[in-house]
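Q: For what it's worth, UniProt numbering labels the leading residue of the sequence shown as 1, then goes sequentially. Note that beta-carbon positions come from the ideal geometry of N, C-alpha and C, so glycine has one too.
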Amino acid sequence: MTEPEGVRLQKVLSQAGVASRRVAERMITDGRVEVDGRIVTELGTRVDPENAEIRVDGTRIQLNDDLMYLAINKERGMHSTMSDDRGRPCVGDLVEHRVRGNKHLFHVGRLDADTEGLLILTNDGELAHRLMHPSYEVPKTYVATVLGSVPRGLGRKLKDGVELDDGPAHVDDFAVVDTLPGKTLVRVTLHEGRKRIVRRLLAAVGFPVQALVRTDIGSVNLGEMRPGSIRVLTRKEIGELYKAVGM
1 MTEPEGVRLQ
11 KVLSQAGVAS
21 RRVAERMITD
31 GRVEVDGRIV
41 TELGTRVDPE
51 NAEIRVDGTR
61 IQLNDDLMYL
71 AINKERGMHS
81 TMSDDRGRPC
91 VGDLVEHRVR
101 GNKHLFHVGR
111 LDADTEGLLI
121 LTNDGELAHR
131 LMHPSYEVPK
141 TYVATVLGSV
151 PRGLGRKLKD
161 GVELDDGPAH
171 VDDFAVVDTL
181 PGKTLVRVTL
191 HEGRKRIVRR
201 LLAAVGFPVQ
211 ALVRTDIGSV
221 NLGEMRPGSI
231 RVLTRKEIGE
241 LYKAVGM
């Protein structure tokens, strides 16, 4: 008797960490699971986990165990590259002893050495490309420290657009986070990735950045991560990144 091809859908979902097999069966019968764009409700359905595109509640499930998705809180003074021929500290040093095969990882959204905060590392080349491409408009959020008090209307000015030496730029959102003696913390969200864009924008309106931290890329955020720490993205975070770039 010939062995049926493929793996039962509920087993695939369970092995991917979506839910226990029993809960996965209920998800299927409730019509919450899609395989290659088609809702599947039959529990006997078998799929090829290496090639099938499976979504639960519209969110794509990553089934390839060889793909890696990491969040790093880059420290100030560290370069965003995976190696540095001048021997300067870089992200590659941070992952070298903790992650196998780090040479195949792409960093999503380079940060200059003076900027701290969130970097995503992955060997999923298509996702990395889309996250960095401006046409997908994935928002990135930063907290900047500037000197002095920020006047009313600065946020509107930044949203309307500021002329830089390589063309106009604008922010999607701007807010004052805190006021301290002699300085202000502001939160800036924008989706373009020109070099040092946040620093250049704030300098152009009279508020040079004293310190800068990126806190969010899309739905992924630093949370309680300490500087220099690494964590694996959750299944939910990966799915939301896929959704943000239409994968």
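State the CB to CB distance for the pair L147 and K183, rounded to an integer number of angstroms; the pair is presumed to be in contact (CB under 8 angstroms).
A: 5 angstroms
Q: Would you mind reading off the limits of the alpha helix (DSSP H) that contains G148?
A: Note, G148: premise wrong, no alpha helix (DSSP H); not H, not E.
Q: Please report the straight-line C-alpha distance between residue 249 and D112, rounded to a whole angstrom.
A: With the chain running from 1 to 247 in the structure shown, residue 249 is simply not present.
Q: For V23, report the span of its alpha helix (DSSP H) as first-last.
A: R21 to T29
Q: Where do the N-terminal and C-terminal ends of the alpha helix (DSSP H) with L63 fall, by residue?
A: That residue, L63, is in no alpha helix (DSSP H); it is neither H nor E in DSSP.
Q: Terminal residues of the continuous alpha helix (DSSP H) containing D160?
A: L154 to D160
Q: Can you give the beta carbon distance from L131 to V205, rounded, assuming they're within the 8 angstroms contact cut?
A: 28 angstroms between Cβ atoms; not a contact.
Q: Which residues does DSSP pair with L190 in a beta bridge?
A: K140
Q: Evaluate the contact criterion for the segment 45 to 61 versus the segment 4 to 12: three or more CB pairs, one atom per stretch, below 8 angstroms.
A: yes
Q: Can at least three beta-carbon pairs, one atom from the segment 70 to 87 and one from the segment 28 to 39, be found at a separation below 8 angstroms?
A: no
Q: On the criterion of 16 or more Cβ atoms from any shown chain inside 10 Å, does K74 qualify as buried, or is it exposed?
A: Buried is the call here.
Q: Using the Cβ count rule (16 or more neighbours within 10 Å means buried), how would you classify P208?
A: exposed
Q: Could you have a look at E34 and say whether DSSP puts it in helix, strand or coil?
A: Correct three-state label for E34: strand.
Q: Do the CB positions of V176 and L190 come within less than 9 angstroms of each other?
A: No, the Cβ-Cβ distance between V176 and L190 is not below 9 angstroms.
Q: Helix, strand or coil: which one does DSSP assign to K183?
A: Strand, per DSSP.
Q: Pairs of beta-carbons, one from the segment 222 to 239 and one from the segment 130 to 144, closer than 8 angstroms: are there three or more?
A: no
Q: If you count every other CB in all the chains shown that lies within 10 Å of the CB of R214, and 16 or more means buried, which is it?
A: buried
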